[in-house]
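Undergrad: Please see the structure below; I have some questions.
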Amino acid sequence: MGYFFRPMGLMNNTYMIAPCMAFDDAQQWIYRFALKMIPGMGDVTLRKLLEHYGSAERIFLTPRAELLKLRGLSCTVAEGIVNKLYLPQAEAEWKFIERNRISALFFQDGAYPLRLTHCQDSPVFLFFRGKMDLNSRRTIGIVGTRKATENGKYITEKIIHGLADYGVSIISGLAYGIDTQAHRVAVNAQIPTLAVLGHGLDTLYPNQNRGLAQKMIANGGLISEFFSQTLPDRENFPRRN
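The working numbering puts the first residue of the sequence shown at 61, with every later residue one more than the last.
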């Protein structure tokens with residue numbers, strides 16, 4: 061069974077996946093995933109291809125000779141498109157998303173965070189699990205050291221409590237220290253809080269925050285640009301930032 065996106069829950073702009081996506085729409089997602097999985101296929105290149113051809117499926121139908129004429133497209137990427145090597149892996153990724161009730165947000169969708177569209181290298185799609193308006197007018201990013209002092213934790217708590225009456229959402233990275241404190245205080249104050257992760261949504265790092273993350277899903281959520289089975293490797297975190 062496929063899924064389509066529609067507003068659900070208490071907020072008009074809260075997007076979750078719901079049953080009934082047409083088969084063709086699911087196939088488009090599988091094609092998008094397969095393209096992104098090709099080694100050397102970055103978000104900037106993929107976005108240009110999608111804007112040029114109109115759909116991921118049409119990209120896969122493009123002859124090798126035509127692809128090789130495109131400026132900036134390497135032979136490796138062109139061969140990856142023509143050979144369709146990553147379609148089985150992409151289909152498995154889609155099944156993972158369906159099974160775990162994860163929202164896949166395309167950069168042209170209304171639910172995609174509009175602030176990211178101003179970044180040239182913003183992710184073509186994101187994976188989101190939770191209940192939150194990702195285009196909330198007031199968002200506050202709070203990040204800090206993993207080795208937080210008690211005074212640092214106290215100041216973080218005071219800042220968030222001071223913002224509670226202003227309809228804000230708190231964004232952080234769920235890392236040890238100040239990030240964890242920001243999320244925990246927000247959850248306790250019933251303020252929506254979103255964690256931007258440096259790995260896939262099939263795992264959680266650090267593992268000690270698993271219980272906190274579950275609470276965040278009910279009022280906020282977890283978001284990532286990474287496919288499942290992507291480990292929290294060091295190089296992912298600057299990209300996440």
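Virtual Cβ for every residue (Gly too), placed ideally from N, Cα, C.
At a threshold of 7 Å, does T136 count as lining the ligand NAP (C-beta to nearest heavy atom)?
TA: With respect to the ligand NAP, the structure shown offers nothing to examine, as it has no ligands at all.
Undergrad: How is I200 classed by DSSP in three states: helix, strand or coil?
TA: Reduced to three states, the DSSP call for I200 is strand.
Undergrad: Would you report the Cα separation of I119 and D85, rounded to the nearest angstrom?
TA: Distance between the alpha carbons of I119 and D85 is about 15 Å.
Undergrad: What number of angstroms, rounded off, separates the C-alpha of E217 from the C-alpha of D193?
TA: Taking the straight line from one Cα to the other gives about 23 Å.
Undergrad: Please go through the region 87-166 and give each complete beta strand (DSSP E) segment of 3 or more residues, from N-terminal end onward.
TA: Taking only runs of at least 3 residues, the beta strand (DSSP E) segments lying wholly in the region 87-166 are 163-166.
Undergrad: By the 10 Å Cβ neighbour count, where 16 or more other Cβ atoms means buried, how is C80 classified, buried or exposed?
TA: Bear in mind that the predicted position of C80 carries a pLDDT of just 37, short of 50, making it unreliable; the figure below should be weighed with that in mind. Classification of C80: exposed, given that the 10 Å Cβ count is below 16.
Undergrad: Count the C-beta pairs between the region 178-190 and the region 272-281 that are closer than 8 Å, then say yes if the count reaches three, no if not.
TA: The region 178-190 vs the region 272-281: in contact.
Undergrad: Go ahead and pull the three-state DSSP assignment for L223.
TA: Correct three-state label for L223: helix.
Undergrad: Quick check on this structure: which residue in A152, L264, V245 has the alpha carbon closest to the alpha carbon of I219?
TA: Nearest C-alpha to I219: V245.
Undergrad: Count the other CB atoms, across all protein chains shown, that sit within 10 Å of the CB of A82; report buried if there are 16 or more and exposed otherwise.
TA: Any reading at A82 needs caution, since the residue's pLDDT is 48, under 50, leaving its predicted position unreliable; the model's value is listed next. Per the 10 Å Cβ criterion, exposed.
Undergrad: Going by alpha carbons, who is nearest to F286 out of L234, H178, E153, R197?
TA: Among L234, H178, E153, R197, the Cα nearest to that of F286 is on E153.
Undergrad: Provide the residue(s) that pair with F187 in DSSP beta bridges, ordered along the chain.
TA: Bridge partners of F187: A164, S284.
Undergrad: Roughly how far, in whole angstroms, is the beta-carbon of Q88 from the beta-carbon of A116, given that I think they are within contact range, below 8 Å?
TA: That belief holds up - the Cβ atoms of Q88 and A116 are roughly 6 Å apart, short of 8 Å.
Undergrad: Can you list, in chain order, the residues of its chain with a C-beta nearer than 6 Å to that of A94? Leave out the 5 residues immediately preceding and following it.
TA: Contacts found: Y146, L147, A150.
Undergrad: Can you check which of these residues, G227, M276, V256, is closest to P173 by C-alpha distance?
TA: Out of G227, M276, V256, V256 has the C-alpha closest to the C-alpha of P173.
Undergrad: Within 10 angstroms of its Cβ, does Q268 collect 16 or more other Cβ (buried), or is it exposed?
TA: It counts as exposed.
Undergrad: Could you pull the start and end residues of the beta strand (DSSP E) that V256 belongs to?
TA: Note, V256: beta strand (DSSP E), 253-256.
Undergrad: Would you mind giving the Cβ-Cβ distance between G260 and S288, rounded to the nearest angstrom? I have them listed as a contact below 8 Å.
TA: The pair is a contact, with the Cβ atoms about 4 Å apart (cut-off 8 Å).
Undergrad: Quick one, which of G114, C179, E126 has its alpha-carbon nearest G104's?
TA: One point to set straight first is that residue 104 is Val, not Gly, in the sequence displayed. V104 has its Cα closest to that of C179, out of G114, C179, E126.
Undergrad: Select from Q168, L234, S134 the residue whose C-alpha is nearest the C-alpha of R92.
TA: It is Q168.
Undergrad: Please report the straight-line C-alpha distance between Y226 and A138, rounded to a whole angstrom.
TA: So the two alpha carbons sit approximately 50 Å from each other.
Undergrad: Grab the span of the beta strand (DSSP E) containing S355 for me, first residue to last.
TA: Past the boundaries of the shown model lies residue 355; the chain is included only from 61 to 301, so the question cannot be answered.
Undergrad: Cα-Cα, which of K155, I162, G102, R159 is closest to L133?
TA: Of the listed residues, the one whose Cα sits closest to L133 is G102.
Undergrad: Please report the straight-line C-alpha distance between Y265 and L291, rounded to a whole angstrom.
TA: Going by the C-alpha atoms only, they are around 9 Å apart.
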